[in-house]
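The sequence shown: position 294 = 293 (this note's numbering), numbered continuously.
For each residue, glycine too, the CB sits at the ideal point set by N, CA and C.
What you are looking at is a predicted structure, and each value in this text was computed from that prediction instead of being measured.
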Amino acid sequence: MPASLSADTIARVKATAPALAAHGEAVTRAMYARLFQDAHIRDLFNQANQQSGAQVRALAGAVLAYARNIDNLGALGGAVERMAQKHVGYHILPEHYPYVANALIGAIVEVLNPPQDILDAWGEAYWFLADILKGREAGIREEIEATEGGWHGWREFVVERRVPESEVITSFILRPKDGGAVAPHRPGQYLTLRFDTPGEPNLKRNYSISAAPNGETYRISVKREPEGRGSNHLHDNVRDGDVLEITPPAGDFFLPEQPSRPVVLLSGGVGLTPMVSMMETIAARHPGLEAHYVHGAANSAVHAMDRHVRDLASRHGRTTVTAFYAEPLPGDARGQTHDEDGLISVDWLKRNTPLDQADVYLCGPKPFLRALVGGLAQAGVPVDRLHYEFFGPAEEDPLAA
């Protein structure tokens, strides 16, 4: 594979951008139909995202972005890193890439039927990007395996303990079945779990780690979603002593090892999970760091881990915690169960947190992120100081909306 793409290849791929803008979802839908003819490839993917159409839209957007930016790949650096991290989590390996290549090129022929020189250009462009991804994925795996407790692929973990956190959120403490250590995660990263459910074997789901690294166990805190196959299975069927298969921690959303600015942590609903990992880490390792944690919940029935994060803040001394309730219960009282009524707003954040100098970390449901990420960017917070995790395919990225 060449070290760079030829000018002809770049020009031909860019020329397909208008067609992909118009027909990209048809191309990616056809691609997945071809790809999933192989059962072992189909099992690598989250089928819930397939059924909703979210992954089709996400891939269509990614293919279009690649076509438009193929002469400026630096603009895609963040997307490439997220993709590589996700591939490591789902244990996607170099031998899987030819299946995707064949399915993608076949789908382009089926939907767009371009001339051969365009197909050749897309073939070259695909493998150029694939080599970048494979190289980065190999680096991530090597880094994990080189750490104490690191591993490669799927490893069995025992559910040591379930801990109810609210009416809808339960934590699961996970310890390796082999009795060994676990690789230290970066606060904010996630685990990928694999388990069988009725009617859907090999179900895979990502769950943020909700504790600081300790070398022995991981904790995930899972919200029961009404239509969530994975979350309902964990809540209803997984008990202490049960075994789950897990790949190493992954993800590009995390607190840096040495934060250089104050931090503002913003979460909504179950988006608190990576923030609790960050809060525990700040309390244990960064005594001089100024931190502000602001969480939005419906009410006290669903608000998890509030006492824990307030205890962390009181021990740390330079951390504030504020809870907003959008739908307080009759027994909820401002100043007792929570601090503010309503939704977290950019105006409130401007008055009460150092937005002009802080790194801002956000995690929560899509409406929460769309409102705050977009609002903070419009308020002048530089994009490079906005760090966010969205639980879903990349087509739902709030800055891409």
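Inset, instruction - Ignore the nearest five residues each way along the sequence and tell me which others in Gln257's own chain have a CB closer than 6 angstroms to its CB. - result: none
Legend entry - Cβ neighbours of Val167 in the same chain (closer than 6 angstroms, five flanking residues each side left out): Lys222, Arg223, Val301
Legend entry - Beta-carbon proximity check, Ala317 vs Glu289, cutoff 7 angstroms: Ala is not the amino acid found at residue 317; the sequence shown has Arg there. Against a cut-off of 7 angstroms, the Cβ pair of Glu289 and Arg317 comes out as a contact.
Inset, instruction - Entirely within the region 235-264 and at least 3 residues each: give me those beta strand (DSSP E) ranges in chain order. - result: 242-249
Inset, instruction - Consult DSSP for Ile343 and reduce its assignment to one of helix, strand or coil. - result: coil
Legend entry - Residue nearest to His232 in terms of C-alpha spacing, selected from Gly330, Leu271, Ala282, Thr169: Thr169
Inset, instruction - Assuming Val55 and Leu111 form a contact by the criterion Cβ under 8 angstroms, report the distance between their Cβ atoms to the nearest whole angstrom. - result: In fact, because the Cβ distance is near 16 angstroms, the residues do not count as touching under 8 angstroms.
Inset, instruction - Along the beta strand (DSSP E) that carries Glu363, what are the first and last residues, could you check? - result: The residue you asked about is not Glu; residue 363 is Gly in the sequence shown. Start and end: 358-363.
Legend entry - Cα-Cα separation between Tyr65 and Leu72, rounded to whole angstroms: 8 angstroms
Inset, instruction - Look at the alpha carbon of Ser207 and the alpha carbon of Phe127, and state the distance between them as a whole number of angstroms. - result: 31 angstroms
Inset, instruction - Return the residue from the list Ala120, Ala180, Gly134 that minimises the CA-CA distance to Val148. - result: Checking the sequence shown, residue 148 turns out to be Gly, not Val. For Gly148, the nearest C-alpha among the options comes from Ala180.
Inset, instruction - Excluding the 5 residues preceding and the 5 following Ile201 in the sequence, name in chain order all residues of the same chain whose CB lies nearer than 8 angstroms to its CB. - result: In the sequence on display, residue 201 carries Asn and not Ile. Excluding sequence neighbours, Asn201 sits near Asp42, Arg193, Asp195.
Inset, instruction - Could you pull out every residue in the same chain whose Cβ sits closer than 6 angstroms to the Cβ of Glu136, ignoring the five residues on either side in sequence? - result: Ala83, His86, Val87
Legend entry - Cβ neighbour criterion (16 or more within 10 Å) applied to Asn236: exposed
Inset, instruction - Could you tell me whether the Cβ atoms of Gly295 and Leu254 are closer together than 7 angstroms? - result: no
Legend entry - Through-space distance from Arg238 to Lys203, alpha-carbon basis: 18 angstroms
Legend entry - For Phe367, the three-state DSSP class (helix, strand or coil): helix
Legend entry - Residue-chain proximity (Met30, chain D), Cβ-Cβ < 7 angstroms: No chain D is part of this structure, which consists of one protein chain only.
Inset, instruction - Helix, strand or coil for Leu288, going by three-state DSSP, please let me know. - result: coil
Legend entry - Selection from Val12, Pro97, Gly105 that minimises the alpha carbon distance to Arg33: Gly105
Legend entry - Boundaries (first-last residue) of the beta strand (DSSP E) holding Pro163: 154-163
Inset, instruction - Report all residues from its chain with a CB closer than 7 angstroms to the CB of Ala322; omit the five preceding and five following residues, and keep chain order. - result: His294, Ala296, His302, Asp305, His337, Asp338
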